[in-house]
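In our numbering, the protein residues as written are 2 to 79. All C-beta atoms in this analysis are idealised placements derived from N, C-alpha and C, irrespective of residue type, glycine included.
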């Protein structure tokens, strides 16, 4: 079974690989300059994607709060 450090190392390396892969993909995309720079083009996303991203973000926020505030045992100061 993997210990805590190994799991964190695997997650960190996956994050680095995914970050580098998305950077390469972004640099390979061609840049098209619109004729009018004061207008933004709206890209409509499916509702399920919006809900999924929101739920994932809230889950990560909850995990961070648990990790930093509630995961450690309280020290008895008597």
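Looking at the secondary structure, which residues open and close the alpha helix (DSSP H) in which residue i lies?
{"i": "residue 51", "result": "48-66"}
Look up residue i in the DSSP assignment and say whether it is helix, strand or coil.
{"i": "residue 6", "result": "helix"}
{"i": "residue 72", "result": "coil"}
{"i": "residue 14", "result": "helix"}
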